[in-house]
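Report on the following structure.
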Amino acid sequence: MDWMLAKDVINALADLLTIAASVIAIYLFVAKRKELGAVFKALAATANQGSLADLRAKLDRLNDLNATEPSALVEVVNICHEVCGHIDGNPAFAKSFAAVSSKIKISVSNKRKPITEPQKRALVSELRESMRHFDTVALVDSIKEPQQ
Numbered sequence: 083m084d085w086m087l088a089k090d091v092i093n094a095l096a097d098l099l100t101i102a103a104s105v106i107a108i109y110l111f112v113a114k115r116k117e118l119g120a121v122f123k124a125l126a127a128t129a130n131q132g133s134l135a136d137l138r139a140k141l142d143r144l145n146d147l148n149a150t151e152p153s154a155l156v157e158v159v160n161i162c163h164e165v166c167g168h169i170d171g172n173p174a175f176a177k178s179f180a181a182v183s184s185k186i187k188i189s190v191s192n193k194r195k196p197i198t199e200p201q202k203r204a205l206v207s208e209l210r211e212s213m214r215h216f217d218t219v220a221l222v223d224s225i226k227e228p229q230q
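Reading the sequence shown from the start, the letters are residues 83 to 230 in this note's numbering.
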């Protein structure tokens, strides 16, 4: 009989603690909505920074190759396609880097006239500059956000 009473008391305490935790969670969700939004924006920004780092690594690999060498040309084209896939797969990048992505696709899609080294360098530089602008806008937006 004592075990049944102890079990009932423990179950009642567990139920009360669950209710208390739920009330706290609801309160935090309602009262701290802006702070929670800031946390989720920070998580999204962190994810974008990781994707930008991956994109920079691909651009570094692309920069190390010479498009005038026939053996490297296939790798240049493949990396360009990877870069376009990376851009098109991220909604924020697709919106911000659409023009550069289109230029890259046009440059590598013509089989009769392969991409040249000056074209490759110009596209890499343009994409790097677009990425810097993306970083700057994201930084300015993150600074503005808490003041609103």
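Heads up, the beta-carbon is just placed ideally off N, CA and C, and yes, glycines get one too.
Start and end residues, alpha helix (DSSP H) containing residue i
i	result
LYS116	115 to 146
GLU157	152 to 171
Cβ separation of residue i and residue j, assumed to be a contact under 8 Å, to the nearest whole Å
i	j	result
LYS140	ILE161	6 Å
VAL190	VAL222	That belief does not hold up - the Cβ atoms of VAL190 and VAL222 are roughly 33 Å apart, past 8 Å.
SER178	SER212	7 Å
ASN172	SER133	6 Å
VAL165	ILE186	6 Å
ASN130	ALA174	6 Å
ALA127	SER224	7 Å
Curious, which full-length beta strand (DSSP E) runs of at least 3 residues does the region 184 to 214 contain?
none
Is there contact between the region 192 to 207 and the region 142 to 159, where contact requires at least three CB pairs shorter than 8 Å?
yes
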